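What follows is a single structure, written as structure tokens, with notes after it.
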Amino acid sequence: MQLTVKSRHVEVPEEIRKYAETKASKLPRFLDRISAIEFVLDQESDLWTAELIVKVDRASDFVAKETGPDRYALIDSIVEKVERQLIRHKEKVKDHHPRQNH
68 MQLTVKSRHV
78 EVPEEIRKYA
88 ETKASKLPRF
98 LDRISAIEFV
108 LDQESDLWTA
118 ELIVKVDRAS
128 DFVAKETGPD
138 RYALIDSIVE
148 KVERQLIRHK
158 EKVKDHHPRQ
168 NH
């Protein structure tokens, strides 16, 4: 799994990069086919925008985006959003398997 933390217009501090990597490292437990995770951080005046893109084999990308003043809260929020998306996707895939009557 490839993990990337990018920024637009600003330099990402090392502690934010580590925090994002720590949070992202928990995502594969929700779905094991994750091939890449990308965080994109941007700052406009006092507000930060955080975007999380999770690429999954044989599925569409999962994307979450949030804007606010606190970078740590933004990272928490977008990771939670993607976790919910991954869980929903996994449940949909499970529902497609035929049930066996015993």
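Using this note's numbering, read the sequence shown as starting at 68 and increasing by one per residue. Positions of the beta carbon are idealized from the N, C-alpha and C atoms, including for glycine. Keep in mind that this is a model prediction, so the values were computed, not measured.
Look at the Cβ atom of residue i, then the Cβ atom of residue j, and state whether they are nearer than 8 Å.
{"i": "PHE106", "j": "LYS132", "result": "no"}
{"i": "ARG84", "j": "TRP115", "result": "no"}
{"i": "ALA91", "j": "LEU70", "result": "yes"}
Kindly indicate which three-state DSSP category residue i falls into: helix, strand or coil?
{"i": "ALA126", "result": "coil"}
{"i": "SER92", "result": "coil"}
{"i": "LEU153", "result": "helix"}
{"i": "VAL79", "result": "coil"}
What does DSSP give as the partner residues of residue i in its beta bridges?
{"i": "SER74", "result": "LEU108"}
{"i": "GLN69", "result": "ALA103"}
{"i": "GLU145", "result": "In the sequence as presented, Glu is not what sits at residue 145; that position holds Ile. Answer by DSSP bridge pairing: none, since ILE145 is not bridged."}
{"i": "LEU114", "result": "GLU111"}
{"i": "ALA131", "result": "LEU119"}
Looking only at C-alpha atoms, which of the options sits nearest to residue i?
{"i": "ARG151", "options": "VAL130, PRO136 and VAL77", "result": "VAL130"}
{"i": "ASP128", "options": "THR134, LEU119 and SER112", "result": "LEU119"}
{"i": "HIS76", "options": "ALA117, ASP143, VAL123 and LYS161", "result": "ALA117"}
{"i": "VAL146", "options": "ALA126, GLY135 and VAL121", "result": "VAL121"}
{"i": "GLU158", "options": "TYR86, ALA87, VAL79 and PHE97", "result": "PHE97"}
Output yes if chain D places a C-beta closer than 8 Å to the C-beta of residue i; else output no.
{"i": "ILE154", "result": "Included in the structure is just one protein chain, with no chain D present."}
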